[in-house]
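One structure below.
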Amino acid sequence: AQSVTQPDIHITVSEGASLELRCNYSYGATPYLFWYVQSPGQGLQLLLKYFSGDTLVQGIKGFEAEFKRSQSSFNLRKPSVHWSDAAEYFCAVGAQGNNDMRFGAGTRLTVKP
Amino acid sequence: NAGVTQTPKFQVLKTGQSMTLQCAQDMNHNSMYWYRQDPGMGLRLIYYSASEGTTDKGEVPNGYNVSRLNKREFSLRLESAAPSQTSVYFCASSEWDRGQSPLHFGNGTRLTVT
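See below:
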């Protein structure tokens, strides 16, 4: 089965600074990759997804992620962080046909004024 | 558009009590899921229903049962609650197979078992 690792439990960045959240996956074939965001007291919301094609995908709220097969990574980026981006971010990996999606443990983002 | 609705939002149970968590979606999705979220562990799948009339175990099914009442509704039952079931529970739905189809989540039920 596939698995996903988010190496950073907690990241703090200043407002206006750039952001990169790391995600590494393990899967033998081409994975389906997702990033979700969870605000306090809320459910998870899809930020973006990668299925195939262009390895740089754009999502909502100004986020993007790049799929790098050679590094088994799908890192999330944002050029300039806003205070409202403070939340927990989850990377997830799925695969066609096996009805299984695995989530990472999450990275909590704090934004300093 | 309500999306995925879960009730209740909060619940406190004593050990051994039972309860049912309710979930309904209005997106005409085929698949529905129950996850639990615990600190540092991400989300773990309890049970899922790939389509109306079917249910299957996920990673952590022990102590739970589910019912796919119809296409819209998917309930989770704790027959005899234990402190280890203290968690935040999320219902989710997807158009098709969750391996390739994004999940839509409810806002969660925070359950405490004392």
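So the protein sequences, as listed, match chains C and D. The numbering used here applies: residue 1 is where the first sequence begins, and numbers increase by one. The numbering used here applies: residue 1001 is where the second sequence begins, and numbers increase by one. Quick reminder that beta carbons are idealized off the backbone N, C-alpha and C, glycines included.
Residue contact check for residue 1103 of chain D against chain C: a CB pair falls below 9 angstroms. Looking only at D:1060, D:1030, D:1031, D:1056, the smallest Cα-Cα distance to residue 1041 of chain D is reached by D:1060. Ranked by how close their Cα comes to the Cα of residue 34 of chain C, the residues C:42, C:83, C:22, C:11 have C:22 in first place. Residue 26 of chain C and residue 1050 of chain D have their C-alpha atoms spaced approximately 24 angstroms apart. For chain D, the residues of the stretch 42 to 56 of chain C that bring a beta carbon within less than 8 angstroms of one of its beta carbons are 42, 43, 44, 45, 46, 49, 51, in chain order. Using a 10 angstroms sphere on the CB of residue 20 of chain C, the tally of other CB atoms stays under 16, which defines it as exposed.
Partner residues in a beta bridge of residue 1079 of chain D, as assigned by DSSP, do not exist.
A direct Cα-Cα distance of roughly 27 angstroms separates residue 1089 of chain D from residue 75 of chain C. As computed with DSSP, residue 94 of chain C is found in a beta bridge with C:32, C:101. Per DSSP, the continuous beta strand (DSSP E) segment holding residue 57 of chain C begins and ends at 56 to 58. The Cβ neighbour count for residue 1109 of chain D, taken over all protein chains shown within 10 Å, is at least 16; the residue is labelled buried.
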